Structure formats: structure tokens, C-alpha cells
Amino acid sequence: AIGIGGLPRGRIVEVYGPESSGKTTVALSCVASAQKDGGIAAFIDAEHALDPVYAKALGVDVDNLIISQPDTGEQALEIAEALIRSGAIDIIVIDSVAALVPKAEIDGDMGDSHVGLQARLMSQALRKLTGSIKKSNCVAIFINQLREKVGIMFGNPETTTGGRALKFYSSVRLDVRKIDTIKQGDKV
Numbered sequence: 006a007i008g009i010g011g012l013p014r015g016r017i018v019e020v021y022g023p024e025s026s027g028k029t030t031v032a033l034s035c036v037a038s039a040q041k042d043g044g045i046a047a048f049i050d051a052e053h054a055l056d057p058v059y060a061k062a063l064g065v066d067v068d069n070l071i072i073s074q075p076d077t078g079e080q081a082l083e084i085a086e087a088l089i090r091s092g093a094i095d096i097i098v099i100d101s102v103a104a105l106v107p108k109a110e111i112d113g114d115m116g117d118s119h120v121g122l123q124a125r126l127m128s129q130a131l132r133k134l135t136g137s138i139k140k141s142n143c144v145a146i147f148i149n150q151l152r153e154k155v156g157i158m159f160g161n162p163e164t165t166t167g168g169r170a171l172k173f174y175s176s177v178r179l180d181v182r183k184i185d186t187i188k189q190g191d192k193v
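Have a look at this one:
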């Protein structure tokens, strides 16, 4: 899809788009492709929403997929760092940046203000992970969601979650959009 024979190894890839646009499907297709080539894959399911039946239908070998469902953003990124540093994996998917909730936010009360915590967490993690990703020659796919910027009169009101660090560190950013639903007769 990007015209160079696949995603670059040793790099960070961001797959972003609106809800139900196919971001996880794109990432799982990359995992299936890596596994078919003999690669080891990991999936950090911060959203706790991975459907193994759907993943299997896309060609993912779920029995040989390393799956983690962490409780906090810090835990998710520490697991990702450990897997990447081990050099044992070829591709890792973090689903999703929006679900990487900092521990302080989880431990706090509902109305508490936690401005910039997630952005700070992502910035620190990406500074640490970039070198390890390069050394291990692993592909790191971060799935991200779109949000609307409030009060934007001109320009694009859409923005991705987690601050600006991921935009900066990503070698490839894939914007995934749902155009239409594929139908076969009356079936969707």
C-alpha cells in the first residue's frame, strides 16, 4: 500500500483514523503477513478488545501471537519495551494510544484534571523505545484515534491523541478511512 514492499523494519508506524475505519484490521493484516514470513508477533491490547476469531479470519496465527492486556499505559509501554529489547519479536502492535491511560489518571478521581499526562508518557516512552526498535529491527505499529479540536474555525479540526511525539517519531503514518461498506447482494 505504501509502494515500497511493506512497512520499514526498525521503525515506528502510526495507523490512525476515525472509529470503525479498519485500523486494527490493517495492523492485524500486517501481523498475519509477518507470521507467514516466519516472524514472531506481539499484540499489546490496551483497549481489551482483540477478537481472536476475527484475527484468525484475517490469517493471524493466534496460538503463536504474544498477547498482553495491560491495566495502565505505563505497564503497556514497559511490556512493549521488554519485548522489543529482547530481540525476539519482529512486529509489535500497540492498540491503541488513546487507551494508554496513565496510572495517575486511573488512580485519581473522575473529575480530576490530568492535562498532558498521556502526552508526557508517550514522549518519554518513544524516546526510550526508538533506539531499541532500531537495534532489534522490529516494526512497531501504534494504532491511534482521531479527535476533534474544539473551536477550530479554519484548517483541519482533526487531531490524533497522545500529544505530538508519535507524529515526530513515526517513519510512516497511515490515515485509514472507511469509504463504503462492501456488500454482496443483501449481505454486508
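In our numbering, the protein residues as written are 6 to 193.
Every residue, glycine too, gets a C-beta built ideally from N, C-alpha and C.
Note that the structure is a prediction, hence the values are computed from the model and not measured.
For the options Asp-112, Ser-118, Phe-173, Lys-61, the alpha carbon positioned closest to that of Ala-130 is the one of Phe-173. For Glu-79, the CB contacts under 6 Å within the same chain, skipping 5 residues up- and downstream, are Lys-108 in chain order.
Between the alpha carbons of Thr-29 and Cys-35 lies a distance of about 10 Å.
The three-state secondary structure of Gly-22, taken from DSSP, is strand. With fewer than 16 neighbouring CB atoms inside 10 Å of its own CB, Asp-66 falls in the exposed class.
Ile-71 places its beta carbon 7 Å or farther from that of Ala-37.
Nearest neighbour of Ala-39 by Cα position, chosen from Asn-142, Ser-118, Lys-192, Asp-114, turns out to be Asn-142.
Cβ neighbours of Ala-81 within its own chain (closer than 7 Å, five residues either side excluded): Ile-49, Ala-51, Pro-75, Ile-99, Leu-105. Remark: C-beta atoms of Leu-171 and Glu-24 do not approach each other more closely than 7 Å. Following the DSSP letters along the chain, one finds Gln-129 inside the alpha helix (DSSP H) bounded by residues 122 to 141. In terms of Cβ geometry, Ala-85 and Ile-97 form a close pair [threshold 7 Å].
With distances taken between CA atoms, Val-120 lies nearest to Gly-168 out of Val-58, Gly-168, Asp-191, Lys-41.
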